[in-house]
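Asker:
Protein chains: 2
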Amino acid sequence: MTSSTTEPIKITSKEQAEWFLNQYDTFLFDCDGVLWLGTHLLPRTKEILNYLTELGKKLIFVTNNSTKSRLTYTKKFASFGINVTEDQIFTSGYASAVYVRDFLKLQPGKDKIWIFGEAGIGEELATMGFESLGGIDTRLDEPFDATTSPFLQNGLDDDVKCVIAGLDTKVNYHRLAITLQYLRKTESVHFVGTNVDSTFPQKGMILPGAGSMVESIATSSGRRPSYCGKPNANMLNTIISAKNLERSKCCMVGDRLNTDMKFGVEGKLGGTLLVLSGIETEERALEINEAYPRPKYYIDTLGDIFDLTH
Amino acid sequence: MTSSTTEPIKITSKEQAEWFLNQYDTFLFDCDGVLWLGTHLLPRTKEILNYLTELGKKLIFVTNNSTKSRLTYTKKFASFGINVTEDQIFTSGYASAVYVRDFLKLQPGKDKIWIFGEAGIGEELATMGFESLGGIDTRLDEPFDATTSPFLQNGLDDDVKCVIAGLDTKVNYHRLAITLQYLRKTESVHFVGTNVDSTFPQKGMILPGAGSMVESIATSSGRRPSYCGKPNANMLNTIISAKNLERSKCCMVGDRLNTDMKFGVEGKLGGTLLVLSGIETEERALEINEAYPRPKYYIDTLGDIFDLTH
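Sequence order for the protein chains is A and Z. Per my numbering: the first sequence ends with 530, consecutive numbering throughout. Per my numbering: the second sequence ends with 530, consecutive numbering throughout.
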């Protein structure tokens, strides 16, 4: 099973922090709950990222948020005064696009993708040369009517070879109905889910996540999607191959046991660090559970590593 | 298992038709696919219903459609020139309301119900004296914003003791998000699903059904609903008790194996008749399958019984 048998170590001293950092040359960070909470940067985030860069570490940012493209993410980092390039960022939308191109072998310029989701997915597909339909097309904001929907007027588009579904806060019956028609059209239309997260935290609330929408589509279509985000191996394989990494020298840093820690442990990365600034508690970090592994290390906040080493 | 072992009998002669009718004093009919297809009445529907009434049979109409109340259904029957009273009609919305009142023992005038669904549910609750929230409230048509939603401004309503979820073609993030807040509030808020159907046919298309929406909410909340419509026993118990029926003298007539036929067989009704005017084929009617039972009888259309006996 995925549960690690050794007791998680809480990093509480300078020596532990330095020993922790020395083991890895690459750190993969989840973003929300680790670096920031929504629009609020967590203390010492900038300082620890700069320090790791000074130490010559490679930094990679891995998020299951498919609503923003990697380019849009660089702007979010920049708004916090953190300079990160697009090639350091991996989103579940980007991982889905890579999966469509490299694993499903769809052809840019020929095959099209139907999107149930927000801007981040279509933008990543476009940079690879794929034409996509659906997604943020405002004609989908209109109430569904089978006789007038512009997406049905001339029949379904035969060039659509895949449906990618993720979080869509503009979910409506029109989007659900047309997505279903593509999945029912033929089994040869692939079904990809950006990420399995059933909820996500926002402003102190727990809101419906990508997984809850993908499961609705899975139920109506009677089909199962291939999921691409954490903890799925598709996401890690994309990163390892793009950045030419040695797994044993990588550490995954995140705030969720069932995605981030599972991702690091099942991906056989050298280490995992759980931060308690997001949704998990110390009690949960130490608890042995069949559903997800325990972290190798844990700490209250990522910034504590900066404080301990300075 | 639910699979019946005897071969389904196709009714093809006057003798068979008369023998079939003589066995039962009550006929329970599914509506769409049996009596009509959408807004198009099937041939001889009026004639066979009149004939059964002349023979002294009790007629009951059982639909998993929760979007219309029983009163609204009487108007649909009237539009086809068929005179049916409200007490002959059982919808999954009505069954859900009965379940809330009689099984969950919620108190009209005191306990409230949050609705994810269309008008039929709230109207049935209102006739029982229950106050409901959500549903067709047009303020839910506005985009979701946690800081401005009128459903969150003064906190959640502590009098809400149950969520009923069903088909809602006005599904949006606002409705999904507030429904989730009530289900997360406390386990003591009950979770009822009107019906499990993942899709339904309309104008030659297969569209997302109640089950696909309820499963989305089940995924985000991590909770399982109690389903009330066919084939669930809640629906049949409501009917049997309201109409004081003897199960062995009842025959279920429907167009779906996995809801109507399962409903009749698991409910231990005397007979089941599958009509092939809806979504099933003769091949499927005869096939032995673990997931649903075979009918006792089948026929191309309900109207054929009239033709055979006249």
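All C-beta atoms, glycine included, are put in the ideal place defined by N, C-alpha and C. All figures in this text were calculated on a predicted structure; none of them were measured in a lab.
1) Report the three-state DSSP secondary structure of A/N285 (helix, strand or coil).
2) DSSP three-state call for Z/D252: helix, strand or coil?
3) At a CB-CB cut-off below 9 Å, which residues of chain Z make contact with A/F364?
4) What distance in whole Å lies between the Cβ atoms of Z/G491 and Z/Y517, which are believed to be in contact at a cut-off of 8 Å?
5) Between the alpha carbons of A/I341 and Z/N457, how many angstroms are there, rounded?
6) Measure from the C-beta of A/K234 to each C-beta in chain Z and report whether the shortest distance is under 9 Å.
7) Contact criterion: CB-CB distance below 9 Å. Does A/D480 meet it with respect to chain Z?
8) Distance check for Z/D331 and Z/G279, CA to CA, integer angstroms please.
9) Can you tell me which of the three DSSP states Z/N509 falls into?
10) Counting only C-beta atoms, is A/T222 closer than 9 Å to chain Z at any point?
11) Quick one: what's got a C-beta closer than 6 Å to A/E267's C-beta in the same chain, skipping five residues either side?
12) Does DSSP classify Z/S223 as helix, strand or coil?
13) For Z/L345 versus Z/I333, is the C-beta spacing smaller than 9 Å?
14) Going by beta carbon distance, what residues of the same chain come within less than 7 Å of A/Y512, once the five residues before and after it are set aside?
15) Pick out whichever of Z/A339, Z/L326, Z/S299 has its Cα sitting closest to the Cα of Z/G349.
16) Start and end of the beta strand (DSSP E) containing A/I302?
17) Quick one: what does DSSP say A/Q401 is sitting in, helix, strand or coil?
18) So Z/M455 contacts chain A; which residues on that side make the cut at Cβ distance below 7 Å?
19) Helix, strand or coil for Z/G351 per DSSP?
20) Please say whether Z/H530 and Z/Y314 have beta carbons closer to each other than 9 Å?
21) Are the region 284-295 of chain A and the region 398-413 of chain A in contact at 8 Å, needing three or more beta carbon pairs?
22) How would you call Z/P445, buried or exposed, if buried means at least 16 neighbouring beta carbons within 10 angstroms?
23) Give me, in chain order, the residues of the same chain whose beta-carbon lies closer than 6 Å to that of Z/E343; leave out the 5 immediate sequence neighbours on both sides.
24) Can you tell me the Cβ-Cβ gap for A/F336 and A/T399, rounded? I've got them flagged as a contact below 8 Å.
25) Do you know how far the Cα of Z/V320 is from the Cα of Z/C382?
26) So with Cβ pairs under 9 Å, would you call A/E435 a contact of chain Z?
27) Excluding the 5 residues flanking Z/F364 on each side, which residues of the same chain have their C-beta closer than 7 Å to its C-beta?
28) Buried or exposed, going by whether 16 or more other CB atoms sit within 10 Å of the CB of A/S233?
29) Mind listing the chain Z neighbours of A/G355? Cutoff is C-beta to C-beta under 7 Å, in chain order.
30) State buried or exposed for Z/E435, treating a residue as buried only when at least 16 other CB atoms are found within 10 Å of its CB.
31) Would you tell me roughly how many angstroms separate the C-alpha atoms of A/I309 and A/N242, rounded to the nearest one?
32) Relative to the alpha-carbon of A/F297, which residue among A/S312, A/L269, A/L324, A/L372 has its alpha-carbon at the smallest distance?
Answerer: According to the structure shown:
1) Within the first sequence, the letter at position 65 stands for residue 285 of chain A. Reduced to three states, the DSSP call for A/N285 is coil.
2) Locating residue 252 of chain Z in the second sequence gives position 32, where the first residue counts as 1. It is a strand residue.
3) If you number the first sequence from 1, residue 364 of chain A lands on position 144. T389, L427, listed in chain order.
4) Within the second sequence, numbered from 1, the residue matching residue 517 of chain Z stands at position 297. Within the second sequence, numbered from 1, the residue matching residue 491 of chain Z stands at position 271. About 7 Å separates the two Cβ atoms, so the contact holds.
5) As a position in the first sequence, residue 341 of chain A is number 121, starting the count at 1. As a position in the second sequence, residue 457 of chain Z is number 237, starting the count at 1. Rounded to the nearest angstrom, the two C-alpha atoms are 48 Å apart.
6) Here residue 234 of chain A corresponds to residue number 14 of the first sequence, with the count starting at 1. So, not an interface residue.
7) Working through the first sequence from its first residue, we reach residue 480 of chain A at position 260. Judged by the 9 Å Cβ criterion, A/D480 is not in contact with chain Z.
8) Indexing the second sequence from 1 puts residue 279 of chain Z at position 59. Indexing the second sequence from 1 puts residue 331 of chain Z at position 111. Contrary to the premise, residue 279 of chain Z reads as Leu rather than Gly in this sequence. About 34 Å.
9) Position 289 of the second sequence, counting from 1, holds the residue named residue 509 of chain Z. DSSP places Z/N509 in strand when its eight states are reduced to three.
10) Numbered from 1 along the first sequence, position 2 holds the residue referred to as residue 222 of chain A. No answer about A/T222 holds up, because its pLDDT of 43 lies below 50 and its placement is not dependable.
11) Sequence index remark: in the first sequence, residue 267 of chain A carries index 47 (1-based). Excluding residues within five positions, the ones whose Cβ falls inside 6 Å are F526.
12) Reading the second sequence from its first residue, position 3 is the one you call residue 223 of chain Z. Any reading at Z/S223 is ruled out, since the residue's pLDDT is 46, under 50, leaving its predicted position unreliable.
13) As a working mapping, residue 345 of chain Z is identified with position 125 in the second sequence. As a working mapping, residue 333 of chain Z is identified with position 113 in the second sequence. Yes, the Cβ-Cβ distance between Z/L345 and Z/I333 is below 9 Å.
14) Translated into positions along the first sequence, residue 512 of chain A becomes position 292. For A/Y512, where only same-chain residues beyond five positions count, the Cβ hits under 7 Å are T222, L477, N478, M481, K482.
15) If you number the second sequence from 1, residue 349 of chain Z lands on position 129. Checked all of Z/A339, Z/L326, Z/S299; the closest Cα to Z/G349 is Z/L326.
16) Locating residue 302 of chain A in the first sequence gives position 82, counting from the first residue. That residue, A/I302, is in no beta strand (DSSP E); it is neither H nor E in DSSP.
17) The sequence position of residue 401 of chain A within the first sequence is 181, counting from 1. Three-state result, A/Q401: helix.
18) Sequence index remark: in the second sequence, residue 455 of chain Z carries index 235 (1-based). Correct list: empty, because the minimum Cβ distance to chain A is about 20 Å.
19) Position 131 of the second sequence, counted from the start, is the residue given in the question as residue 351 of chain Z. The residue asked about is misnamed: residue 351 of chain Z is Glu in this sequence, not Gly. Z/E351 falls in the strand class under three-state DSSP.
20) Numbered from 1 along the second sequence, position 94 holds the residue referred to as residue 314 of chain Z. Numbered from 1 along the second sequence, position 310 holds the residue referred to as residue 530 of chain Z. No, they are not a contact pair.
21) no
22) The sequence position of residue 445 of chain Z within the second sequence is 225, counting from 1. Its Cβ being crowded by 16 or more others within 10 Å, Z/P445 is buried.
23) Here the question's residue 343 of chain Z lines up with position 123 in the second sequence. Excluding sequence neighbours, Z/E343 sits near S289.
24) Translated into positions along the first sequence, residue 336 of chain A becomes position 116. Translated into positions along the first sequence, residue 399 of chain A becomes position 179. The pair is a contact, with the Cβ atoms about 5 Å apart (cut-off 8 Å).
25) What you label residue 382 of chain Z is simply residue 162 of the second sequence in a count that begins at 1. What you label residue 320 of chain Z is simply residue 100 of the second sequence in a count that begins at 1. About 8 Å.
26) As a first step, residue 435 of chain A must be located in the first sequence, where it is residue number 215. Interface residue, yes.
27) On the second sequence, position 144 is the one that residue 364 of chain Z refers to. For Z/F364, where only same-chain residues beyond five positions count, the Cβ hits under 7 Å are Y393, H394, A397.
28) The residue labelled residue 233 of chain A in the question sits at position 13 within the first sequence. Burial call: exposed.
29) Taking the first residue of the first sequence as position 1, residue 355 of chain A is located at position 135. None at all; the shortest Cβ gap to chain Z is about 15 Å.
30) Counted from its first residue, the second sequence places residue 435 of chain Z at position 215. Buried, since its Cβ has 16 or more Cβ neighbours within 10 Å.
31) Taking the first residue of the first sequence as 1, we reach residue 309 of chain A at position 89. Taking the first residue of the first sequence as 1, we reach residue 242 of chain A at position 22. Those two C-alpha atoms are separated by around 23 Å.
32) Here residue 297 of chain A is taken as the residue at index 77 of the first sequence, counted from 1. Checked all of A/S312, A/L269, A/L324, A/L372; the closest Cα to A/F297 is A/L269.
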